[in-house]
Structures are given as C-alpha cells and as structure tokens.
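*Asks:* After the structure tokens below, expect a handful of questions from me.
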Amino acid sequence: MTYIGELISIGVAFSWTATALLSEFGSKRLGNLTLNVLRMGLALVFSLVLFMVVTGNLLPPGASAEAAGWMLLSGVVGYVIGDFCLFQCYIIIGSRYGQLFMTLAPLAAALMAWITLGQQMTGMSILAMFITLAGIGISVLGRGEHHKVGLKLPLNGVLFAIGAAMCQGIGLVLSKIGMDHYEATANMPDWLIPFSANFYRCVAGIIGFTLLLYFRKGLDPLREAIHDKKGLAVATATTVFGPFVGVGFSLMAVQYTAAGIASTLMAMTPIIILLPSYWLFHQKITWRAVAGAVISVVGVSLFFLG
0 MTYIGELISI GVAFSWTATA LLSEFGSKRL GNLTLNVLRM GLALVFSLVL FMVVTGNLLP
60 PGASAEAAGW MLLSGVVGYV IGDFCLFQCY IIIGSRYGQL FMTLAPLAAA LMAWITLGQQ
120 MTGMSILAMF ITLAGIGISV LGRGEHHKVG LKLPLNGVLF AIGAAMCQGI GLVLSKIGMD
180 HYEATANMPD WLIPFSANFY RCVAGIIGFT LLLYFRKGLD PLREAIHDKK GLAVATATTV
240 FGPFVGVGFS LMAVQYTAAG IASTLMAMTP IIILLPSYWL FHQKITWRAV AGAVISVVGV
300 SLFFLG
C-alpha cells in the first residue's frame, strides 16, 4: 500500500495525543511511578495475548543476545528514564506543553543517528533545529519582571520535558538498531517485529519502574491503585494508546518509511492536542500557543525533509 508508513505515523500522532491527555490525568491521580508500573504490566499482558493469537506461543520468537540487548537498553532509556521525565512534566506543566517539548525528540534521534550510524548533519538540519527551538520559545516565553523575557513555566517541569524528549529520540534509534539485528535472526512476519521489540522494551520498563517505586515509596501505592477502578481504567486506556498501540506502530512506521518522515508526522501531536486540552482542562488557546506549535512542527519537518 502506498504511503502506509506515513499513514501509520499520522495515526500514531493521534494515539499519542490520547495517551498524553490520559497520562496527565492518570499521573495526577495515581502518581508517576505507579501509573508507569501498571502501564508496563498491562502492555506485557497485551503483548503476550497478541503473540499467542498470531504465533501460538506466549513469548515472541527468540532474538539474538545482541538484538535483545539493544532493545532492553532502549527500554531503559525510552521508558524508564524518558517516561519518568515525561509523566513528571505532565504533572508540573501539563500534557500540552509536555508534547510541545517532545518536538525535540526527532532532533535527538537525528543527533543519536549521527553519532551511532554515521548519518550526516546538514546546514538545513542546523537551521531546522533553531526554528524548532524558536517555536517552543514563542509558546513558553513571555514578559518577565522589569519588561525582560521570562519563562512562563516552572523550570523543573521544562527540564523534565527536555529530558523526556532527548530520551525518546535516543530510544528510537536504539530500537532501530535492535530491530535491524532482530530481522536477521527472527522468523516472523515483518509487522510483528516492532511488537516483539516493544516486548523487550516493556520488560526493561516494568523492572525499572518497579524498582524505582519500591525504593522511593514502597509498593503500597501500587496495591491501592489496583483497587481504584477509575485509575485502572485510565491506566488501561493509556496503555492501549501508549506503550502497546502507539509505540508498537511507531516502530512499525520506521520500517515502512524513512525514520525522519515518520518522526516528523508523529511530531504533530502538539498541534492536535490544542483543542482536546481546551475541552478537557480548559487551557486557553492563544495565538502564541498555535504559532509556537506550528513553527515547531515546521522546524522538525525541515530538519528531515529539507
């Protein structure tokens, strides 16, 4: 099918919009770490069911140690570190601004690909970086004290958002490396490889988040969350749109089209999320918010398509 990778990427952008809004609500209700433990656990269950239906086995076809290692590392970077930062920024600055900063993720992916895969950085790429940063700046900077430019958002929320974007971009490249090794050893349909890769990433995720929760707060918040029907419903929906469908299809999109094109289309979430965040959280839509989101996405597009 023509443009299947591009169509999948656009669908992922809508999926990530849903999971961002749900994650903001869920993080505030259950807590960052508790929600992430539930998400990783549910994603693993969904994956096992998928493998059983498709292959007749609970576990994905065996990957080489090298492929599994890359995918587990991707899970540590993209899920444990990246999603911890992302959900924390949702609590502090909200999902709309959090997703705006996630337009930096494709830039981080390109830098990581430059370092690990030898892909070249052009003058247009550098210009696009500045355009993306300008778009973010338009949205988050305003008049400060004594008529100086000031940051409208809490600094810790911004730092968490930047950390999340960097980790997502780096994690995507690590996943790509792992899937390249997986394809050489696994005997399965091509479309199933991303879900198998995500299985390993979720294994790393649930181990990492459970350890963080245990050492920071103990497991009592998890026991309480299991009895919270509304919280469990949100966690389930977040899992479907996020680490199962969203991430699985984002990895699939990279298989069917260039990583840059896929990342660009998936980066449209900051534009898509404007109306839902207004309806659900009553966040005002200003010309600065719209202009900043559009300019950031344009910057990402130039980075990869220019």
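Quick note on numbering that gives the first Met the number 0: the sequence shown kicks off at 0 and runs consecutively. All residues carry an ideal CB built from backbone N, CA and C; glycine is no exception.
#1: For asparagine 56, tell me which candidate among Ala292, Gln98 and Met187 has the shortest Cα-Cα distance.
#2: So, do the stretch 86-101 and the stretch 252-272 have three or more beta carbon pairs nearer to each other than 8 angstroms?
#3: What did DSSP end up calling glutamine 306 once you bin it into helix, strand or coil?
#4: Compute the Euclidean distance between the alpha carbons of histidine 180 and alanine 236, then round it to the nearest angstrom.
#5: With distances taken Cα to Cα, identify the nearest neighbour of valine 48 among Asn35, Tyr89 and Ser195.
#6: Taking the continuous alpha helix (DSSP H) assigned at valine 48, which residues delimit it?
#7: For my contact list, leucine 250 and proline 193 are in at a C-beta cut-off of 8 angstroms; report their separation, rounded to the angstrom.
#8: Would you mind sorting leucine 218 into buried or exposed? The rule is 16 or more other CB atoms within 10 Å of its CB.
#9: Could you tell me the alpha carbon to alpha carbon distance between leucine 37 and glycine 122, rounded to whole angstroms?
#10: Glycine 291 to isoleucine 130, Cα distance in whole Å?
#11: Can you name the start and end residues of the alpha helix (DSSP H) that methionine 251 belongs to?
#12: If you measure from the beta carbon of glutamine 254 to each beta carbon in chain C, is any gap under 8 angstroms?
#13: Report the option in Val239, Ala108 and Glu65 whose CA atom is closest to the CA atom of methionine 165.
#14: Just reading off the alpha helix (DSSP H) that glycine 230 is part of, what are its end residues?
#15: What distance in whole Å lies between the Cβ atoms of proline 105 and valine 299, which are believed to be in contact at a cut-off of 8 angstroms?
#16: In angstroms with no decimal places, state the Cα-to-Cα distance between alanine 64 and glycine 177.
*Replies:* Quick look at the numbers:
#1: Taking the first residue of the sequence shown as position 1, residue 56 is located at position 57. That would be Met187, whose Cα lies nearest to the Cα of asparagine 56.
#2: yes
#3: An answer regarding residue 306 cannot be provided, because it is not within the stretch 0 to 305 covered by the chain.
#4: Residue numbering aside, residue 180 sits at position 181 when the sequence shown is read from its first letter. Residue numbering aside, residue 236 sits at position 237 when the sequence shown is read from its first letter. Distance between the alpha carbons of histidine 180 and alanine 236: 31 angstroms.
#5: The residue labelled residue 48 in the question sits at position 49 within the sequence shown. Out of Asn35, Tyr89 and Ser195, Ser195 has the C-alpha closest to the C-alpha of valine 48.
#6: The residue given as residue 48 occupies position 49 in the sequence shown. Here the alpha helix (DSSP H) through valine 48 covers 31-54.
#7: For the purposes of this step, residue 250 is taken as residue 251 along the sequence shown, with counting starting at 1. For the purposes of this step, residue 193 is taken as residue 194 along the sequence shown, with counting starting at 1. Right, their Cβ atoms sit about 3 angstroms apart.
#8: As a position in the sequence shown, residue 218 is number 219, starting the count at 1. Exposed, since its Cβ has fewer than 16 Cβ neighbours within 10 Å.
#9: Position 38 of the sequence shown, counted from the first residue, corresponds to residue 37. Position 123 of the sequence shown, counted from the first residue, corresponds to residue 122. Between leucine 37 and glycine 122, the C-alpha separation is close to 43 angstroms.
#10: Looking up residue 291 in the sequence shown gives position 292. Looking up residue 130 in the sequence shown gives position 131. About 10 angstroms.
#11: What you label residue 251 is simply residue 252 of the sequence shown in a count that begins at 1. Here the alpha helix (DSSP H) through methionine 251 covers 244-255.
#12: This model lacks chain C altogether; it includes just one protein chain.
#13: As a first step, residue 165 must be located in the sequence shown, where it is residue number 166. Cα-wise, what sits closest to methionine 165 is Ala108.
#14: Counting from 1 along the sequence shown, the entry for residue 230 is found at position 231. Taken as a continuous stretch (DSSP letters only), the alpha helix (DSSP H) holding glycine 230 covers 228-238.
#15: Locating residue 299 in the sequence shown gives position 300, where the first residue counts as 1. Locating residue 105 in the sequence shown gives position 106, where the first residue counts as 1. Yes, valine 299 and proline 105 are in contact; Cβ-Cβ is about 5 angstroms, under 8 angstroms.
#16: On the sequence shown, residue 64 is found 65 positions in, with the first residue counted as 1. On the sequence shown, residue 177 is found 178 positions in, with the first residue counted as 1. Whole-angstrom Cα-Cα distance: 10 angstroms.
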